[in-house]
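Below: one structure, written as structure tokens.
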Amino acid sequence: MKGKTLSSQSQGLVLSLLNYFQQEKDNGGPLLPLLAVQERVAQALSMSLSTITRIQRHLSSNDNVLRSPGKKRPRKKSKTTDSQA
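First residue of the sequence shown: 1446, per my numbering; consecutive thereafter.
Right, here's the structure in full:
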């Protein structure tokens, strides 16, 4: 990704990772057991475990393809007639 600009959300995730690994360094080892992979990822990214699980489940069911939600488009209002005359 050399030369690419990261979104502010991505930059926030990088900062979360830096803080987490700095805490592990200060602790002298892992904050959580190495076998607790999902829990470590959730804590490192400051996300809930359910979010990590949902992303992992989505990836495994979609051939490892990440997709963002589509752009929300305003719906056209249906025409109604005023029956009061």
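Every residue gets a Cβ at the ideal spot worked out from N, C-alpha and C, and that includes glycine.
In chain order, what residues of the same chain have a beta carbon less than 7 Å from the beta carbon of residue i, not counting five sequence neighbours either side?
i	result
Ile1497	Gln1483, Val1486, Ala1487
Arg1502	none
Does residue i have its Cβ less than 8 Å from a Cβ in chain D?
i	result
Leu1458	Absence of chain D from the displayed structure is noted, only one protein chain being present.
Check residue i in the structure and name its three-state DSSP category.
i	result
Gly1473	coil
Val1482	helix
Leu1463	helix
Can you find the residues in the same chain that come closer than 6 Å, C-beta to C-beta, to residue i, ignoring five residues on each side of it along the sequence?
i	result
Lys1516	none
Original post:
Per the contact definition of three or more C-beta pairs closer than 8 Å, is the segment 1449 to 1469 in contact with the segment 1483 to 1499?
Top reply: By the C-beta criterion, the segment 1483 to 1499 is judged to be in contact with the segment 1449 to 1469, since at least 3 inter-stretch pairs fall below 8 Å.
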